[in-house]
Structure formats: C-alpha cells, structure tokens
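Just add 47 to wherever you are in the sequence shown, counting from 1, and you've got the numbering used here.
Positions of the beta carbon are idealized from the N, C-alpha and C atoms, including for glycine.
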Amino acid sequence: MELQRAKIINPVDPNRATKLFGGEASGILNWNDLKYPHFYELREEVRANFWIAAEVDMSADGRAFPTYAHRDAVLETLALLAHHNEQQIDLSSLVADYTTDPSVTSVFATMYDQNSEHNHALNYAIAHLVGEKEQADVLRVENDVLSKRRLQAKEQYDKLQQAPTERHILEALAYLAVFKGMQYYTRFVTTYEMTERGEMKSVSELVGLIHRDRLAQLKFIGELFRTALQESDIDKLDIHPYVKELVRTEVELEKDDIVREDLESYIRYRANRVCRVLGVAEMYQETSNPLAWIDKYTTFESTDEAPKQDSVGFDLDGFDDL
48 MELQRAKIIN PVDPNRATKL FGGEASGILN WNDLKYPHFY ELREEVRANF WIAAEVDMSA
108 DGRAFPTYAH RDAVLETLAL LAHHNEQQID LSSLVADYTT DPSVTSVFAT MYDQNSEHNH
168 ALNYAIAHLV GEKEQADVLR VENDVLSKRR LQAKEQYDKL QQAPTERHIL EALAYLAVFK
228 GMQYYTRFVT TYEMTERGEM KSVSELVGLI HRDRLAQLKF IGELFRTALQ ESDIDKLDIH
288 PYVKELVRTE VELEKDDIVR EDLESYIRYR ANRVCRVLGV AEMYQETSNP LAWIDKYTTF
348 ESTDEAPKQD SVGFDLDGFD DL
C-alpha cells in the first residue's frame, strides 16, 4: 500500500501520532505528549551540537597551505565531502514528507540546518586555503566513487518518489544510516592523521565537527528505522538482507576510495557499527576500532562512556558507541 504525504494540519486527528508512517496525527506537535517520548531526547542530542564554521580560526592553515606538501589531498577531501553532503538532503526531505509523527519532522528539520552548515563549513575551509578562481576548480571534483554514490542516492530517491511504500521508506532510512555512518569515513581518518603530524589542525577540527554531527544523526536514523520496522508488517528477516547488501556495497566503495589495509579494517569496523544501529547482526570480525590512535581526536566516539577529560584532540565532548 502506498503512503500519502502527511497533511500539514488536520485538527480532527489526535495530537499524538498513531504511527510513524501511514498513521494519523493533527500535525500539532506537543513534545509532552509523544507516542515515542525518547524522540525528544534524540532531538536534544542533535540540537546540542550547534556550531558555526566561523568559530574555527583558519588563519594558521591558510598561511601554511601554499607550501603544504599534501595540498591536492586536502582539497580533494574537502570537495568530495561538500559534494557528498548534498546527496542525502533531498532524500531526507522526501522521507520526512511521509512521516505522520511531527516529532520526526522536527528532528529532520534540525538535521537540515546542520547539513546546511556542513556545506558552508567545507566551502569556508576551501576559501581560506585557495583563491577565488581556484575554489571553482576545486569544487569540480569528480571520480568513480563519487559518481557511484550519486547514482545510489538518485536510485533511492526515485524509488521512494515513484512508489512511497513502507518498504521503500525503510530502505531509504537504511541508506541514510550507511551514508551517515560509513561514507567517506576514511577521509575523516586522513584528516586526523594530518593533525597527528601537527598539520592542518583547523581543517581537521571542521571535519571533526561534521563527523560528530553525523554520528548524532545516525543514532536518530537508526532508532527511526528500528521503530518504523517494528510498527510495519514487514518481516525483519526480509529487510535485513537488503541492509546487509547496502553495507557490503559501501565497504567496497570505501576500499576503492582510498586503498590502504588499515583503512579497510576500519571501514569494516564502521560497517559493524551501522549494522548494530539498525538492529542487524554484525557482518565482520572487527568489533573494536583497529585505529585506536584516533580516539584522542574523536572523544565524541562513545555515548556510553564519560567524556575523556585528558583528550589531546578537539574538545567536542563525548559520543558514539554507534
């Protein structure tokens, strides 16, 4: 059965949504009367990460960049992340159009604002590293992995737009979880490696802020997926193989992006984290982070632990056990 786009306001329906997708709700959001009260906590976790790019001083990186040995690698990473960020916004918006729970709509709206700042932050970084004419050239980046990811995002969008079913909503949410929990994570690692060498610390800090937001968003997407699946008539044994194939494909794409054995092991670890968030059995043997050294730059990588007060990395608080 196809879903209908949620009505903006329908006062005859209850304020408390009867279902996440395909239910009834007035459209009037009362945070004190939610079907799933913990969605408020998820919203607050996403909102708590507010930041703007201008808070990061890029002047030192800008002075060092003209003679920096790895200029091309830095610019490619920033450009790929900028292009990549845009691919999931339309799909997220389409999913939000069909939710009948206004609390979910609200969390998505907060995420849109974050994603807009991510794009601005990446352009902000590029603008501090190269001149105006070169900026346009940098943002023309193209490669096979980026092309394949664009195609993936388009296929997910077209499928949901043409047939807005609960199954396609779940598939889109699984794709968004893979996006937020795996895609270009090897690029995150390489920016932390620069900081490990005492280089491009501001670039790494901006990327770290984006990384932190992605993990909070992943947590929400995972909870939304599991809850929507529980509400639906779809058997998890039917949808889980689809999720595993998405994850498996992403592992291969990450391996194609940067060929390094240690990074391959790391992305398999990330794959297991995404599986866990979606309620799917882990697929790989990497159950702990094989790149433990990056913990000092990603103190936000553990929700179940207290923040590491002695971190020598960025002060981004503490989260992820995703």
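Straight-line Cα distance separating Leu217 from Lys283: Their Cα atoms are separated by approximately 11 angstroms.
Of the residues Met241, Tyr222 and Glu179, which one's Cα is nearest the Cα of Thr124? By alpha-carbon distance to Thr124, the top candidate from Met241, Tyr222 and Glu179 is Met241.
Which same chain residues end up closer than 8 angstroms to Ser212 when comparing Cβ atoms and leaving out the 5 residues on each side of it in sequence? Strictly speaking, residue 212 in this sequence is Thr, with Ser absent from that position. Within the same chain, Met48, Glu49 and Leu50 come within 8 angstroms of Thr212 by CB-CB distance, once the 5 residues on both sides are set aside.
What span of residues does the alpha helix (DSSP H) with Arg63 cover, start to end? Neither: Arg63 is in no alpha helix (DSSP H) and is coded neither H nor E.
Which class does Phe97 belong to by DSSP, given the choice of helix, strand or coil? Phe97: coil per DSSP, three-state reduction.
Does the structure place the region 116-136 close enough to the region 259-270 that three or more beta carbon pairs sit under 8 angstroms? No contact exists between the region 259-270 and the region 116-136.
What span of residues does the alpha helix (DSSP H) with Thr152 cover, start to end? Annotation for Thr152: the continuous alpha helix (DSSP H) segment containing it runs Pro149 to Leu176.
Could you pull the DSSP bridge partners for Phe68 from this structure? Phe68 has Thr146 as its beta-bridge partners, per DSSP.
For the alpha helix (DSSP H) that Leu217 lies in, which residues bound it at each end? Counting along the chain, the alpha helix (DSSP H) containing Leu217 begins and ends at Glu213 to Gly228.
If you draw a straight line from the C-alpha of Arg273 to the C-alpha of Gln230, how long is it? Using only the alpha carbons, I get a separation of about 21 angstroms.
Heavy atom of the ligand ATP less than 7 angstroms from the Cβ of Pro84, yes or no? Because no ligand of any kind appears in the structure shown, any question about the ligand ATP cannot be addressed here.
When Ile99, Ile268, Glu164 and Tyr83 are compared against Leu325, the one with the closest alpha-carbon: Of the candidates Ile99, Ile268, Glu164 and Tyr83, the one whose C-alpha sits nearest the C-alpha of Leu325 is Ile268.
Where Gln199 falls, given that 16 or more other Cβ within 10 Å makes a residue buried: Counting C-beta atoms within 10 angstroms of its own C-beta, Gln199 has 16 or more neighbours from the protein chains shown and is therefore classed as buried.
Alpha helix (DSSP H) segment containing Pro288, residue limits: Boundaries of the alpha helix (DSSP H) around Pro288: Lys283 to Asp304.
Buried or exposed, going by whether 16 or more other CB atoms sit within 10 Å of the CB of Phe97? So Phe97 counts as exposed.
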